[in-house]
Each structure stands twice: as C-alpha cells, then as structure tokens.
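**Q**
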Amino acid sequence: MKITMAHGSGGESTSALIKDVFSKYFKNEILDRLEDSAVVEGTGKIAVTTDSFVVTPLVFPGGDIGRLAVCGTVNDLLMSGATPKYITCGAVLEEGLDIELLDKVIASMAETAKEAGVMVVTGDTKVIENRGAEPGLIINTSGIGFIDESKEPVGPYNLMDGDKLIITGNLGDHHAAILGCRMGIEINIKSDCAPLCEIVRRLQDNNIRVHAMRDVTRGGLGTVLNEFASASGCNIELSEEAMPVDSAVKEFCGLLGLDPMYMGNEGKAVISVHKDDAEKALLLIKNAKYGDNAAIIGEVIKNNGSDADNSVVLNTKLGGKRVVGLMYGEGLPRIC
Amino acid sequence: MCVAIPGTVISLNGTKATVDFSGNKVVAEAGLVDVSVGDKVLVHAGCIIQKMDEKLAQETIDLFKEIEDLMV
Amino acid sequence: MIGADIKTIAEQLKNYDGEEVRIMEVCGTHTAAISENGIPSMLSPKIKLISGPGCPVCVTVTAVIDKLVELSMRDDTVVLTFGDLIRVKGSEKSLADAKADGAHVKMVYSPMETLEMAEKDPSRTYVFAAIGFETTVPVYATVLEEAINRKLDNLKLLTSIKTMPQVIRWVVNNGGGIDGFIAPGHVATITGSDIFKDLSEELGIPFVVSGFDGEQLLLTIYALIRMKGQKGIKNLYKSVVTSEGNMKAKEIVNKYFEPSDASWRGMGKIKGSGLVLKKEFEKFDAGSRDLDEDHMPAGCCCASVLVGKIKPNECPMFGKTCTPDNAHGACMVSTEGSCYNYFVSGRK
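Protein chains in written order, with our numbering: chain A, 1 to 336; chain B, 1001 to 1072; chain C, 2001 to 2348.
(1) Is there a Cβ of chain A sitting closer than 7 Å to that of I1049/B, yes or no?
(2) I'd like the list of long-range same chain contacts for M2042/C, defined as Cβ closer than 8 Å, with 5 residues on each side in sequence excluded.
(3) Report yes or no: do the stretch 27-47 of chain A and the stretch 162-177 of chain A share at least 3 C-beta pairs separated by less than 8 Å?
(4) Would you say A1017/B reaches chain C, if we count a Cβ-Cβ gap shorter than 7 Å as a contact?
(5) By the 8 Å beta-carbon criterion, what residues does the stretch 2103-2128 of chain C contribute toward chain B?
(6) Quick one: which chain B residues come within Cβ less than 7 Å of S247/A?
(7) Would you please verify whether the beta carbon of I1010/B is less than 7 Å from any beta carbon of chain C?
(8) So for I285/A, helix, strand or coil by DSSP?
(9) Note down, in chain order, all residues in the stretch 179-194 of chain A with a beta-carbon under 8 Å from any beta-carbon belonging to chain B.
(10) Should K317/A and E240/A be called a contact, given that it needs their Cβ atoms to be closer than 7 Å?
(11) Step through the CB atoms of chain A and report whether any lies within less than 7 Å of the CB of A2188/C.
(12) Within the same chain, show all residues whose beta-carbon is closer than 8 Å to that of T2081/C, passing over the 5 residues directly before and after it, in chain order.
(13) Could you check the C-alpha separation between A2033/C and G2214/C for me, to the nearest Å?
(14) Compute the Euclidean distance between the alpha carbons of A281/A and P2297/C, then round it to the nearest angstrom.
(15) What does V323/A touch in chain C if you count any residue whose Cβ is under 7 Å from its own?
(16) Quick one: is Q1050/B buried, meaning 16 or more other Cβ sit within 10 Å of its Cβ, or exposed?
(17) Report yes if the C-beta distance between C181/A and P57/A is below 7 Å; otherwise report no.
(18) Just to confirm my understanding: we take D246/A, look at its own chain, exclude 5 residues before and 5 after, and list those with CB closer than 6 Å. What are they?
(19) Say whether chain B places a C-beta atom closer than 7 Å to the C-beta of L2219/C.
(20) Please classify M2317/C as buried or exposed, where buried requires at least 16 other C-beta atoms within 10 Å of its C-beta.
(21) Going straight from the alpha carbon of G72/A to that of A47/A, what length do you get?
(22) Quick one, which of K268/A, A229/A, M183/A, N303/A has its alpha-carbon nearest K286/A's?
(23) Compute the distance between the beta-carbons of G145/A and A229/A, then report whether it is under 7 Å.
(24) Assuming H212/A contacts S150/A (C-beta within less than 8 Å), just tell me the rounded distance between them.
(25) Quick one: what's S2288/C bridged to in DSSP?
(26) I'd like the span of the beta strand (DSSP E) that includes H2186/C, first residue to last.
(27) Going straight from the alpha carbon of T1018/B to that of A248/A, what length do you get?
(28) Could you spell out where the beta strand (DSSP E) holding G90/A opens and where it closes?
(29) Excluding the five sequence neighbours on either side, which residues of its own chain have a C-beta within less than 7 Å of the C-beta of G155/A, listed in chain order?
(30) Going by DSSP, what residue range makes up the beta strand (DSSP E) through F146/A?
(31) Check whether the Cβ of K1040/B lies closer than 7 Å to any Cβ atom in chain A.
(32) Give the DSSP-derived three-state secondary structure of P156/A in the structure shown.
(33) For C2339/C, count neighbouring Cβ atoms within 10 angstroms of its own Cβ and tell me buried if that reaches 16, exposed if not.
(34) Go ahead and pull the three-state DSSP assignment for S2091/C.
(35) Only counting runs of 3 or more residues, tell me where the beta strand (DSSP E) segments fall wholly within the stretch 2124-2177 of chain C, in order along the chain.
(36) For a cutoff of 7 Å on Cβ pairs, would you count A1030/B as touching chain C?
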C-alpha cells in the first residue's frame, strides 16, 4: 500500500492512517484523547525545542528517520539541562510513500520515545504531491523538558578556565553511515543515533559540575567547539591523539577526503566539566549506555593574554598545532 | 588533488575488484593493474591505480635510508 | 646520521636558520595534509610552504563551469560530478545553483558510476564533469573503453584535464622563486617519477616525491632543504611510485587522449598543459574544446596565489569579501584550495 493524496484529505483515509499507523504505536492517555491540543502537567522552568528531520535514505544502518527525530529533540532538551518529558510528531508524507515503510519508521519512533522516557502527546500528518523522486517523509518533532532549578545552569557561555572537555564517543559515525549509503559504498559503520538520557542523568545524579553540553550534530565537533569558544570568550586546546574515531570511519574519511572533526553525529555530546570532576565524569559516562568510547579530548583556557583569541587549536599527533575553524559548505566529499 | 588510499583486494570478478578499507567495501575497477586477491592496492575515484609493494610500505625507517646521503 | 628519528628531523626544521627556502606543493591532498598535521607550526619562519596549482577544481576556468551548467539545464541531460566541483561558480552560476533551479546534477564517488546510469536510462545523456590531473585521466579512459564495449552512445565527458610538468615549468618561469617541489605522489603513481627527474634537470630545482602522511611530509621538506640549489630527485613514496609509473594506465590514456593547450583559472593558456579526447572519439566529447573564457572577479588574486607570488592572506579580498561561504576566487571554494586551507586553519 502506498500513500495517496486521499490520506491527506482529512476524511476517512486520514483517520484510518492515523489509527492504523500513528496511534497504534504512540498509544498513551494524553494522545489517545485526540484533542486539538495535548494538555500536560508541569511546573517551574520549562525547556522547549523544535527540529525538522529530512534524511535520505529513510532507513539507514543503525537507525531511521523516526529514531532520529526522537533522538534529535530529546538530546537538544538534555543539553539545556532539562529532563525531556513530552514530544510532538508532525509528519509530512509524500504521495507514493510505502505505508509499510512508514509503519516501520513510526514503530521505531515509538520505541525510541519509550527508551528516552518521553511521551508523544500530539501529532499531525499532511500529504504532499510526489516531486518525481523517491517518495520522501519529513518529520518535525517539538519537545518539552523540565529544568531542576536547584542545579547550576549549563550553557555554551559557561565554560570555565581549566575545564576538561569530554566527548561521549566516536566521531563521525552518523555522517559516514548516511554518506556511505548515498555514495553506494558498502560500509561497516552504523549511525550512532541515540538518546543521551542515561549519560546526562548519571552526571546530574552524581553532582558533576557540568558547565556546558552540546550534542555534536551537523557541522561536527569543530563547529560546536568554536561556538563554545566564542560564547565563553576562551581558547580551547585539543589533543588529536585522544580523539576517538572508529577505524572504519577514519578509512571512510580517507576515501572521500573528509575530516572527522566536521562530521555529524546523532548520539554524541561534548561536555565541559570542572577539571576536578573530569575523571569521575568520564567513568560515569563510560559506564552509561552509549558512552563506551568516551574520552577527555581537551581543555578550556581562559586568560587575558595576547593569545586569547577564542580559537580552537588541535595538537596534532605529529607534534604540530592546527587551528580548527568553523566548517564551511556542506562537507562534500572531494576526490581529485 | 587525487585522494587515494590503500585497501586490500578481497574478491575479483573480471575487471571488478572488491576492495576492503577497514570493513568498508568498494567495488573498484581493476583493469589498470594486474591484481590478485589479498593484494594491497591504491584506489582513486573507484579505480585501482597501483598495487602497493608491501616490502616498500611506508615505514619511516626506510624513508630515512632514502635520504641518508642528505643527513648531517 | 645514524639513529636519526623523526623528532630530530622536526627539531632541525624548527630551528633552521639558514637562507630562506621556498617550497611548493602542487597537490591539493598535500595541501590538506600539511594543514591537517599542523606542519606550518612546526617549521622555522625561514621555511616557506607555498601551495601551487594542484587542485583541479581551483584551476578550472569559468567557461567549463558555464558549459556544465548549460548541459545540466537540458531536459535530456544529466551532469555527474565529484563533490567539490559543485560549489564553484562559473561566470554566473555554480552547478549547485543550477541544481536549485531544477537542473540535473548528481554527485558521485566514481566516474565508473556513469556507465551504470547511462546503461539504465538510454533516454538521457549522461555527462561526466571530467576534471583532474594525470591521476584521474586513466579512470576516464577506462570509462570510455567500457562505454565502447557496451555500445553506449548516451555517455559523454566534458573534459578539463591538466598535466603537471607544463604548469610546473610555467610556475618556475613566472613565479616567485621556488627552491624545491614536493612532487605529487599520486600523479607520480601514474606517470612515474622520471618526469620529475627530467624537470629537475631542466629547471635546476630539486623534486621529492612524497606520500601523504605527516612524517613523510616532514622528511620530504627536510630533504628539499638539504637539496636546495641542486637538481635532483628523491622518491619517498616507493610503495606505489616507480620510475616508469603505471604503464597500462599510460597506454590507455594515450589511446583516447592527446596533448593540447589548456586554460588555467587566473593563469591563462599554457601550451601543451592539458589533454583532450582524440578526434576519433569526439562523439564522446560533450563540447570540451576551446573552453578558454575565464571571468575573474575584479581584485581576485588567485593567479598570484597559485604561482606563489603572494600568500593567500596577502590578497586584499582574503577573509574580507572572499570567505569559504562567499567565495570569489576558486582557491577559496575547494577544500583543497590554498585560500580555503589558510582560512579554516587560521594560518597567518
């Protein structure tokens, strides 16, 4: 069965699609009321975020657009120090989309939401005309999370002198997995697409002095750290030696002339913690789900000296220093 | 120019070779070089452009020998 | 020097206090590797590294991009290209701009993919944007040979192929005093190291064929400093580079291509510095001959950068009106371009 324009008519077919695919998996007492708005409980400081997801192919090694849509929004909430609670699901379906595929994606979305401890409380579907290529699917998720006000606030402006920077795992897996699919290279790499709830919770529960967190998505680590450095007015020094990159990703980058420092992930965060808490934090992350390959990769230097230029510098294995700038363009493979 | 990296031929089918790069597999054209399964090869733009001489693989120590005469 | 190690070499390079040495690399992958390894930070200020015309994207004239854009706008034509060519502007548009306007542009990893696409869809013509140096030409020749074997007549190449020896000679005769060349390892894999031996004899400048890892590059730079003022060649990439090169590859190139004059972005026409399809194979040519026009934006110094007369950051547009996100000159567009590499790695 394929999606047709009738599925977007608002009539019988629309209701059937919502019932047979969406409600079936997202079942919970708030959504099931099927009201115009979801009414949820909550007090205190609230974090709100929204993100739209477009990916080709819709299902890729290690995940699919549904899992991605939950992880992206959940991780954004976590990075603000919030505990994610509710998400929404807006789906734009292209005419001709295989309903079995949609079913698979929505099932995966529901499973990921469960894993992340969030409820899908409201949703919407629309159908658009086929644009002449492989029929696509766009998912938007918004999320709400609650912030424990007794904790110190976290944010990119909050880096302190001497902070250690921890990356929660290998760089570049998601980007390499997707690009491998698109370029027809049979890869031995899975997307790292994952919710980082356990990692963040462990740090919070153990009173680790976390100053900033950011999920390393588009633009890669290089881009995130440049944002940190300019927001906090500090320099960042990194060690190439310490940088965790899977050997298959390294080789893949070699093949296409890419740099893991600028490759996107969907289940990795870089976390700036007080230097005295760094070793403990690293251990906590390593023992959490999705934190196996975490590593301390660098430190924050805040001074007023003449070299204070908000730059990110990588100490290379060879013994050189290289400024890691912002990423420009789309990170396209180069070949000759 | 010319991004090219070494991999290992794991199977051959006519002039098509499957080349392994740490678990990533690329089907590469093998018409420009005589290769056998197990050979280490250099691949550029989906084409094997040379077989690597493993005896001469880039051990830095061997490179020092090449420039011995220049050292002071 | 018995028991020398890379640390000793690195120390000598850092503390070098002799006459200034100007070393040019002519391969974009060398340029990128030098940046990635932080090599400039490891050298004495008396050792200058200069990025020459080694990035095929950067030396492609606007007429070629314009032609590709025009082809891609045709209903029955699909243009296939390597990733980094997509963003380079022609006189008006880049292929990325054309794609946004609905043109048929597809990025691929290998030119070999053109064969499958053309075979599957005989109703359209598939044109590969065949840019590159000696390394990539055998791949194009192989595509043609296969196309002939499979009797495909909807596959064409739009070629803009350059060759190294002529442009190196041109740079030496027009540039700012180069003392030694890091010879391109993958070009040499095909051509053999002898072409650089001949060049060295002719120009009286040393050449060292190098691989692409940081240690190899440090040794190469060290060797070139020691060889300054003499002719001579060293091959530090013997695992793939022989003196005669890949004979089979050279044969297939000679079967389909012949030397021609070629236009280089910002540098003009250089005699015999390119390859074009032989007349007998012109039905595979999507219109590559005489694409010489080159619209350089006013004030752009790409030409002087490419020959080493000035460093990227000495161009008045560098980092001001010309940045990777709004590139005027081609050297800023490609991730292999010398301006791009200077910009993102903050080289001053």
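Quick reminder that beta carbons are idealized off the backbone N, C-alpha and C, glycines included.
**A** Checking against the coordinates, here is how it stands:
(1) On the second sequence, position 49 is the one that residue 1049/B refers to. Not an interface residue.
(2) As a first step, residue 2042/C must be located in the third sequence, where it is residue number 42. Within the same chain, M2042/C has close Cβ partners A2010, L2013, K2014, L2218.
(3) no
(4) By one-based count along the second sequence, residue 1017/B stands at place 17. Cβ-Cβ to chain C under 7 Å: no for A1017/B.
(5) Y2109, S2110, P2111, M2112, E2113
(6) Reading the first sequence from its first residue, position 247 is the one you call residue 247/A. Under the 7 Å cutoff, chain B gives S1022.
(7) Mapped onto the second sequence, residue 1010/B falls at position 10. No, its Cβ sits nowhere closer than 7 Å to a Cβ of chain C.
(8) The residue labelled residue 285/A in the question sits at position 285 within the first sequence. Reduced to three states, the DSSP call for I285/A is helix.
(9) G180, I185, E186, I187, N188, I189
(10) Residue numbering aside, residue 317/A sits at position 317 when the first sequence is read from its first letter. Residue numbering aside, residue 240/A sits at position 240 when the first sequence is read from its first letter. Yes, they are a contact pair.
(11) Here the question's residue 2188/C lines up with position 188 in the third sequence. No, its Cβ sits nowhere closer than 7 Å to a Cβ of chain A.
(12) As a working mapping, residue 2081/C is identified with position 81 in the third sequence. Taken in chain order, the residues that qualify are L2068, L2095, V2105, K2106, M2107, V2108, F2128, A2129.
(13) On the third sequence, position 33 is the one that residue 2033/C refers to. On the third sequence, position 214 is the one that residue 2214/C refers to. Between A2033/C and G2214/C, the C-alpha separation is close to 7 Å.
(14) Looking up residue 281/A in the first sequence gives position 281. Looking up residue 2297/C in the third sequence gives position 297. When rounded, the distance between both Cα atoms is 53 Å.
(15) The residue you call residue 323/A lines up with position 323 of the first sequence. Ordered by position in chain C, the residues that pass the 7 Å Cβ test against V323/A are S2345, G2346.
(16) Mapped onto the second sequence, residue 1050/B falls at position 50. Answer is buried; the Cβ neighbour count reaches 16.
(17) Against the first sequence, residue 181/A aligns to sequence position 181. Against the first sequence, residue 57/A aligns to sequence position 57. Yes, Cβ-Cβ distance for C181/A and P57/A is below 7 Å.
(18) Position 246 of the first sequence, counting from 1, holds the residue named residue 246/A. These residues qualify, in order along the chain: N170.
(19) The count along the third sequence starts at 1 and reaches residue 2219/C at position 219. Cβ-Cβ to chain B under 7 Å: yes for L2219/C.
(20) Stepping through the third sequence from its first residue, residue 2317/C is reached at position 317. M2317/C is buried by the Cβ-count criterion.
(21) Taking the first sequence and counting its residues from 1, one reaches residue 72/A at position 72. Taking the first sequence and counting its residues from 1, one reaches residue 47/A at position 47. G72/A and A47/A: Cα-Cα distance of roughly 14 Å.
(22) Looking up residue 286/A in the first sequence gives position 286. Looking at the Cα atoms, K268/A is the closest of the given residues.
(23) Locating residue 145/A in the first sequence gives position 145, where the first residue counts as 1. Locating residue 229/A in the first sequence gives position 229, where the first residue counts as 1. Their beta carbons are not under 7 Å apart, which means G145/A does not touch A229/A by this criterion.
(24) Locating residue 212/A in the first sequence gives position 212, counting from the first residue. Locating residue 150/A in the first sequence gives position 150, counting from the first residue. Note on residue identity: the sequence assigns Ala, not His, to residue 212/A. That pair is no contact at about 19 Å.
(25) One-based indexing of the third sequence puts residue 2288/C at position 288. In the DSSP output, where bridge partners are listed per residue, S2288/C has none listed.
(26) Here residue 2186/C refers to the residue found at position 186 when the third sequence is read from its first residue. H2186/C -> not in any beta strand (DSSP E); alpha helix (DSSP H) instead, spanning 2185-2191.
(27) The count along the second sequence starts at 1 and reaches residue 1018/B at position 18. The count along the first sequence starts at 1 and reaches residue 248/A at position 248. For T1018/B and A248/A, the distance between alpha carbons rounds to 16 Å.
(28) Residue numbering aside, residue 90/A sits at position 90 when the first sequence is read from its first letter. Element bounds for G90/A: 82-94.
(29) Counting from one through the first sequence, the residue named residue 155/A turns up at place 155. These residues qualify, in order along the chain: A212.
(30) Within the first sequence, residue 146/A is the residue found at index 146, counting from 1. 137-147 is the span of the beta strand (DSSP E), which, as asked, contains F146/A.
(31) Position 40 of the second sequence, counting from 1, holds the residue named residue 1040/B. No - not a single Cβ of chain A is within 7 Å of the one on K1040/B.
(32) Sequence index remark: in the first sequence, residue 156/A carries index 156 (1-based). Helix at P156/A.
(33) Translated into positions along the third sequence, residue 2339/C becomes position 339. Buried is the call here.
(34) For the purposes of this step, residue 2091/C is taken as the residue at position 91 of the third sequence. Coil at S2091/C, not helix or strand.
(35) 2125-2132, 2155-2162
(36) On the second sequence, residue 1030/B is found 30 positions in, with the first residue counted as 1. No, A1030/B lies away from the interface with chain C (no Cβ there is under 7 Å from its Cβ).
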